[in-house]
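J.: Numbering (the numbering used here), first residue to last: 61 to 690.
1. Considering Cα atoms alone, identify which of 230, 507, 557, 307 is closest to residue 265.
2. Look up residue 289 in the DSSP assignment and give the residues it is bridged to.
3. Could you spell out where the alpha helix (DSSP H) holding residue 537 opens and where it closes?
4. Residue 260 and residue 455 look like a contact to me (Cβ under 8 angstroms); what is the Cβ gap, rounded to whole Å?
5. Can you pull the DSSP bridge partners for residue 411?
6. At the level of alpha carbons, what is the spacing between residue 213 and residue 323?
7. Using a Cβ-Cβ cutoff of less than 7 angstroms, which residues in the same chain neighbour residue 167 once the five nearest sequence positions on both sides are dropped?
8. In terms of alpha-carbon separation, which member of 675, 277, 662, 251 lies closest to residue 596?
9. With distances taken Cα to Cα, identify the nearest neighbour of residue 625 among 632, 138, 608.
10. Among 169, 145, 687, whose alpha-carbon lies nearest the alpha-carbon of residue 649?
11. Alpha carbon to alpha carbon, how far is residue 467 from residue 376? Give it in angstroms, no decimals.
12. Could you compute how far the alpha carbon of residue 535 sits from the alpha carbon of residue 525?
13. Using the Cβ count rule (16 or more neighbours within 10 Å means buried), how would you classify residue 262?
14. Is it the case that the region 170 to 189 contacts the region 199 to 215, given that we only count it when at least three CB pairs across the two stretches are under 8 angstroms?
15. So, do the region 344 to 356 and the region 465 to 479 have three or more beta carbon pairs nearer to each other than 8 angstroms?
16. For the candidate residues 367, 328, 315, whose alpha-carbon lies nearest to that of residue 338?
17. Whose CA, out of 543, 134, 354, 567, lies closest to the CA of residue 412?
18. How far does the alpha helix (DSSP H) with residue 689 in it reach, from first residue to last?
19. What's the C-alpha gap between residue 424 and residue 463?
20. For my contact list, residue 560 and residue 547 are in at a C-beta cut-off of 8 angstroms; report their separation, rounded to the angstrom.
21. Using only the alpha-carbon positions, how far apart do residue 614 and residue 581 sit?
22. Between the Cα of residue 387 and the Cα atoms of 131, 358, 443, which residue gives the shortest distance?
23. Which value, in whole angstroms, describes the spacing of the CA atoms of residue 142 and residue 91?
24. With which residues is residue 182 paired in a DSSP beta bridge?
25. Evaluate residue 372 with the Cβ neighbour count: other Cβ atoms within 10 Å of its Cβ, from every protein chain shown; 16 or more gives buried, anything less gives exposed.
26. Round the Cβ separation of residue 88 and residue 242 to the nearest angstrom and send it over; I've been treating them as touching at under 8 angstroms.
27. Which parts of the region 361 to 424 are runs of the alpha helix (DSSP H), unbroken and 4 residues or longer, counting only runs that do not cross its ends?
28. Nearest CA to the CA of residue 313: which residue from 587, 106, 481, 207?
29. Could you name the residues of the same chain whose beta carbon sits closer than 7 angstroms to that of residue 427, not counting the 5 residues immediately before and after it, in chain order?
30. Can you list, in chain order, the residues of its chain whose CB lies under 7 angstroms from that of residue 669, leaving out five sequence neighbours each side?
31. Assuming residue 227 and residue 98 are in contact, meaning their beta carbons sit under 8 angstroms apart, how far apart are those beta carbons, in whole angstroms?
32. With H, G and I counted as helix, E and B as strand and the rest as coil, what does DSSP make of residue 524?
33. By alpha-carbon positions, which one of 309, 689, 145, 315 ends up nearest to residue 381?
34. Within the region 219 to 288, note down every full beta strand (DSSP E) run reaching 3 residues or more, in order along the chain.
35. Taking its Cβ as the centre, do 16 or more other Cβ atoms sit within 10 Å of residue 566, making it buried, or is it exposed?
36. Which class does residue 547 belong to by DSSP, given the choice of helix, strand or coil?
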């Protein structure tokens, strides 16, 4: 990957961290914050969403672009879904637990809480909210975190409702699931103080650690998302949304810097070529007998082929600006936003069933110059779209608009992060017109004096070593692991810390590798199982069998699983009886080998007791019985 002098380029970046809170209920209703399987849905509802004007009569550009594609939004509802989530009932008051957690996070970030929390509506018409807007509220401002490259300011902390979860595309639009809608979410926005990809990652890691220190945030894929705002001195602010992994942030920033550098160089080259963009034309006749499957499929269903001459763009449309992404990919992304499958362009043709003669005919139809026929200037490129008449017109107009911005340099926009750390066009940057006051939810006045400062994870690691006797590695695993809150609860209830830590971090990991569905284990399952072992009612050796039984049948209680699997411990007298029987059965070996027979007989004793006895006890009794006979 190309490395740049980021100071020389004037890199400026900021983060927006979105983290789901692990509260009992949702932000504006009493529904649980647990995700459901789409197959569990009990009913469905549909919506069509359209943009509305702000109080000043303005339309948000991002919402307006979303509305240009007519789509039906279908929502999966469950037995846990209420009328608030369906937008058939006004929202309830702000969840107090969510507000408290948000204020704890603000304190860890050194932020100043606002005097009054005022809910606002943020216009969102991509279907991710049944109401057509998202409720959000400012909680605190003016914080700071430290990185190795200096401090990074934290501009604001918002508390808002999570969006509905996209399930799949449908023939008429998009299907969403309402289980996620309304889960409390904090959004943390930093100042544009970040000056390198490495600092961006470090800042995100620091904020992530502070969030997890509360013990009240959800864990797992999709529960935290990072957006990154990136610009360079001669470029433009670009918002990169939906970075799922911290490991990708530095690569995302590097690739966006490269994209802006490449686009600026392309703009300079286009200026030298005196480039321009022509008007769209219908070139269907050129492809009436084409062997291209894409084009024939469009024409067979009454579609058309539209083209635009990109004057002076020859060789630049196919120029790579990110790994495996080109200027042509940018044009295609804009066409796709309007329903087309993509574009073809002459920098990649002939290909895809389009012949050399068809390319020549296309060039002639739009009066595009070949590079070799214009010795004093570059040749032209041509982009085409094949689709139904309405879609192809919208798509080719979008290609024209994006090509015209290529003449200027880098457009301000919102982009979607891809899994390979590249990005694709999503929509224009939103403006102030998308926000307006929420009139259905009364404001609240927070009392920061009642908020306790959570212990940092780094401090927990040290405490676990000092107070609980855990080694450094296990202490860090527990503190940073998803079961940290449960560990603290069971230890406070008297469970041995080493037993709890080893079970939650090692035993569960081992069972997961054996394909035991440990994700189905609830906190109650784990808490009760640990208590039974700690109380001696189940031997340590029976813990894995107990957890396996509970994972495979979550309807069981720990006590019921012990009874069903016959996992209860045996008395010392029963242990001695079983050990004596094993020793007597192997009397000759014991007399011949003495303690040398211990290892083999130990396994036989544990097998005879079927894991129902503590290994240390069996070991002690076996040693005694061997010594009697040796």
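Note that beta-carbon positions come from the ideal geometry of N, C-alpha and C, so glycine has one too.
T.: With the structure as the only source:
1. 307
2. According to the DSSP secondary-structure assignment, residue 289 is paired through a beta bridge with 74, 299.
3. 532 to 540
4. Incorrect: roughly 34 angstroms between the Cβ atoms, too far for contact.
5. In the DSSP output, where bridge partners are listed per residue, residue 411 has 414.
6. 30 angstroms
7. 511, 513
8. 675
9. 608
10. 687
11. Looking at the two C-alpha atoms, the distance is approximately 12 angstroms.
12. 6 angstroms
13. buried
14. yes
15. no
16. 367
17. 354
18. 675 to 689
19. 21 angstroms
20. 5 angstroms
21. 7 angstroms
22. 443
23. Those two C-alpha atoms are separated by around 7 angstroms.
24. 194, 495
25. buried
26. With a Cβ gap of about 6 angstroms, residue 88 and residue 242 count as contacting.
27. 387 to 396
28. Nearest option by C-alpha distance: 481.
29. Excluding residues within five positions, the ones whose Cβ falls inside 7 angstroms are 369.
30. 630, 635, 638, 678
31. 5 angstroms
32. Collapsing the DSSP output to three states places residue 524 in a helix.
33. 315
34. 225 to 229, 233 to 237, 244 to 250
35. exposed
36. DSSP places residue 547 within a helical segment (H, G or I) once states are collapsed to three.
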